[in-house]
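Going down the list, the sequences are from chains W and X. Just so we're aligned, residue 1 is where the first sequence starts under the working numbering, counting upward by one. Just so we're aligned, residue 1001 is where the second sequence starts under the working numbering, counting upward by one.
Number of protein chains: 2
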Amino acid sequence: MLEQIGAFDPIPREEILRRIDGLRSRMVEGQIDFAVIFQNVDRFYFTGTMQKGVVVVPVDGEPMVFVEKDIERARSECPINIVAIKSDKEIKDILRDKGILQGVAGFEFDVLPLTVFERLKEVTGVHRYADVSSFIKEVRVVKSAFELEQMRKSADILSRVFAKARQIIREDAREIDIDAELTAEGRRLGHQGLLRMRGLNQEMMTITVTSGFTAAVPSCADVPIGGTGVTPALPQGSSLKKIARDVPVLIDYGGAYNGYITDETRAFVAGELSEVFRKPYEATREIIADVLTHARPGVDCTEVFVRSHRIAKGAGLEDNFMGYGQGKVSFIGHGLGLEINELPVITGRHHRLLKEGAVFAFEPKFVLPGHGAIGMEIDLVVTASGVERLTADSIDLVYF
Amino acid sequence: MLEQIGAFDPIPREEILRRIDGLRSRMVEGQIDFAVIFQNVDRFYFTGTMQKGVVVVPVDGEPMVFVEKDIERARSECPINIVAIKSDKEIKDILRDKGILQGVAGFEFDVLPLTVFERLKEVTGVHRYADVSSFIKEVRVVKSAFELEQMRKSADILSRVFAKARQIIREDAREIDIDAELTAEGRRLGHQGLLRMRGLNQEMMTITVTSGFTAAVPSCADVPIGGTGVTPALPQGSSLKKIARDVPVLIDYGGAYNGYITDETRAFVAGELSEVFRKPYEATREIIADVLTHARPGVDCTEVFVRSHRIAKGAGLEDNFMGYGQGKVSFIGHGLGLEINELPVITGRHHRLLKEGAVFAFEPKFVLPGHGAIGMEIDLVVTASGVERLTADSIDLVYF
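Written out as structure tokens, the structure reads:
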């Protein structure tokens, strides 16, 4: 029956085994004897199922995928063996019988709440532990052919949504009206319904439409342009503001297919682009052209950032680059995959070489306080010799 | 400028002070000397702003609302004093100068990841700590007049979305098509854009449309009817399945206005309701009628659950009540507010007396494996003498 519900691709068994092997080799380096994986996205990545449970990966020996519910669904999704359990006690008994949990346990320190951590320590009976989250994030950096295929399907939803945007965008519509129509369009195309951002307090709207000054209000989120939202209780995303003439409308949309997120931004303008936005628009184009020619495996992420920053500075726009004042962020790009804040982060601060198979969103944006913002965002796959966009869409400013 | 972006009501200063006092009196009982509040919803509840930062509430002395960004927005939203900070070090210095952080610190153990906890311990310089999350949740149980007003506005969005559902629901539409149209309708009415569920791995779709068997697939989420979703990577919510004749379509929708969530379910059917669903439908009606007459302040939540369970059992539907097999959940209701899983939980296991001002969703549902499910969900406010619905909408099965 499950074939009626979605149109997703199941994860091949070999791929699951490769992912687990990738984690294990990092665990060897990090002297972790077994990983206890609880977060839903991490469990999905290593098993193909997100059904309720916990996964234990010994550095050698078979991974144990404990599932509480739904067993039938988990078995149909996960190509490796599943252990059906009804309670924490059953897990404890099984682990004790196998006698495998000796040594240092790795937990996801970056997301695991204290109460859950205490529960998992009790269940696994461990006394020594370390953080395994950085190893998990490292494994996830390089996308497989299967994952790139999912990302291209995600990008296809995104492309179609931006095509729809060109048809429906109109003066005097509220940001939220455009938001509603485009979110619905994506959903009809099979969008999974929400985007994931790793970490407490990290929330991500599927779409953010900003128009004029709402793009220039500093966001509490770690993004250059977050929008104001419609309430202090969720201070990001589209607002009730109406679209006006001559100032850019930015649409930042996240595709999401079979777990995989894409994230691009397009700029639109009713009438003519105000003079104040023209130089930043040209600088955006120049930064995009530059990354497309120089980014490749082995290039340091800080170099990508520094080159972009230099172009912005050369145009006299250093203060406006990637936000203004309090709203400035320190990065111009972020890794994409099952979460919207994966590695690598493209910033001037953290050295990291680009790897073939990594996917990142690259988003030169300029904020002009009081006026608004202009910029673009494209998704790039690092290939053997350079970078390649996930979509073939034009990123030219759209006049309507 | 901010008045253009939303239509929300600001939280009155007296209300903020009352909330903080409520927390303090519980901290006295719990022997906690100061609370360190980091989660965005908790910070919003106690300050009126969700801008980036951390809140420290001493058991006596002024609360300190540290905000990193955006200061201007935070000041416009929060009616008590804000301390602008640029780094953790500044917080540390201020706290050291004041010399106030002596004794036991209370942290939100249920949501705080290990790495954030370590950072906050370092920032506050504390050595002794306890869990303050249960106190925070207790304070949030009883809604003020202001909060009930927000919830009624949230319920108004929900009512209008269900009114729209009656117009657009149609045979052969896919669940996801109805989902897309109704989500858009809510958004146009000012819906904040997403629902919040407290805890790691707790994700909540704004709407779930199920039709026939998709309502009977056990969910990995702790809900009686979660839907299948369109991918193993997000295994809940509406699917691509088409709506068929004679089996119930359930629409479970969450309104969300100015942070406050409402959550109701309506049942629809094209043609005639299949015989197999008729008795469960009558039992649903009976359970709803029962709760409306007997729930009131002082009644134990377990009693509410047991009475409902007794009606289900009397109808010979014990096995189908609140799920079937692995998919069965142990509750028939859950508290509502800024999060969809607040207290009280209406279950047979945890004794707790209903309090005036508490708001909960009450959702008798019956799952018939392979066939589908039928049920309803209404939101109830506990008044001085009973319970009152948040909407006046008919909950009759809708034929289309």
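Heads up, the beta-carbon is just placed ideally off N, CA and C, and yes, glycines get one too. These numbers come from a predicted model, not from an experiment.
- Scanning chain X for C-beta atoms nearer than 8 angstroms to the C-beta of residue 110 of chain W yields 1113, 1114 and 1115, reported in chain order.
- A direct Cα-to-Cα measurement between residue 207 of chain W and residue 260 of chain W gives close to 16 angstroms.
- Separation of residue 1350 of chain X and residue 1090 of chain X (C-alpha to C-alpha, rounded to the nearest whole angstrom) is 43 angstroms.
- In chain order, 230, 231, 232 and 233 make up the part of chain W whose C-beta sits under 8 angstroms from the C-beta of residue 1008 of chain X.
- Residue 272 of chain W carries a coil assignment under DSSP once its states are collapsed to helix, strand and coil.
- For residue 104 of chain W and residue 118 of chain W, the gap between their C-alpha atoms comes out near 15 angstroms.
- Judged by DSSP in its simplified three-state form, residue 1309 of chain X adopts helix.
- Interface criterion not met: the Cβ of residue 1017 of chain X is under 8 angstroms from no Cβ in chain W.
- The residues 1038, in chain order, have a CB closer than 7 angstroms to that of residue 1116 of chain X in the same chain once the five nearest residues on each side in sequence are set aside.
- Here residue 52 of chain W is not near residue 28 of chain W, since their CB atoms are 8 angstroms or more apart.
- For residue 1141 of chain X, the enclosing alpha helix (DSSP H) begins and ends at 1133–1141.
- The bridge partners DSSP lists for residue 331 of chain W are W:347.
- From the beta-carbon of residue 1095 of chain X, no residue of chain W is found nearer than 8 angstroms; the closest lies around 21 angstroms away.
- A Cβ-Cβ contact shorter than 8 angstroms links residue 1063 of chain X with residue 1020 of chain X.
- In this structure residue 1267 of chain X is not in contact with residue 1387 of chain X, their Cβ atoms being roughly 21 angstroms apart against a cut-off of 8 angstroms.
- Between the segment 1242–1262 of chain X and the segment 354–362 of chain W, the count of Cβ pairs shorter than 8 angstroms is below three; the stretches do not touch.
- By the C-beta density criterion, residue 1168 of chain X is exposed, having fewer than 16 other C-beta atoms within 10 angstroms.
- Here residue 326 of chain W is not near residue 1088 of chain X, since their CB atoms are 8 angstroms or more apart.
- In the assembly as shown, residue 1170 of chain X is an exposed residue. Its beta-carbon has fewer than 16 other beta-carbons within 10 Å.
- Excluding five sequence positions before and after residue 85 of chain W, the CB atoms of its chain that fall closer than 8 angstroms to its own CB belong to 53, 66, 67, 68, 91 and 94, given in chain order.
- Taking a contact as a CB-CB distance under 8 angstroms, the pair residue 146 of chain W and residue 131 of chain W does not count as one, their CB atoms being some 28 angstroms apart.
- From the listed residues W:286, W:44 and W:381, the smallest Cα separation to residue 312 of chain W is found for W:286.
- By the CB criterion at 8 angstroms, residue 1279 of chain X and residue 1317 of chain X fall inside the cutoff.
- By the Cβ neighbour-count rule, residue 1320 of chain X is buried, with 16 or more other Cβ atoms within 10 Å of its own.
- Across the segment 45–67 of chain W, CB contacts with chain X closer than 8 angstroms involve 48, 49, 50, 51 and 52, in sequence order along the chain.
- Between residue 262 of chain W and the set W:330, W:211, W:186 and W:379, the nearest pair of CA atoms involves W:379.
- When 9 angstroms is used as the limit between beta carbons, residue 205 of chain W is near these residues of chain X: 1193 and 1194, in chain order.
- Under DSSP, residue 1353 of chain X takes part in a beta bridge, and its partners are X:1300.
- Classified as exposed, residue 81 of chain W has fewer than 16 neighbouring CB atoms from the shown chains inside 10 Å of its CB.
- Within the DSSP bridge table, the entry for residue 1318 of chain X names no partner.
- Inside the segment 1002–1037 of chain X, DSSP marks whole alpha helix (DSSP H) runs of 4 or more residues at positions 1013–1030, from first to last along the chain.
- Residue burial annotation: residue 230 of chain W is buried, with at least 16 other C-beta atoms found within 10 angstroms of its C-beta.
- Residue 378 of chain W sits in a strand when the DSSP states are folded into three classes.
- If you compare the alpha carbons of X:1281, X:1195 and X:1236 with that of residue 1214 of chain X, the shortest gap goes to X:1236.
- In the displayed model, residue 112 of chain W falls within coil according to three-state DSSP, outside both helix and strand.
- The Cβ-Cβ distance between residue 225 of chain W and residue 365 of chain W falls below 8 angstroms.
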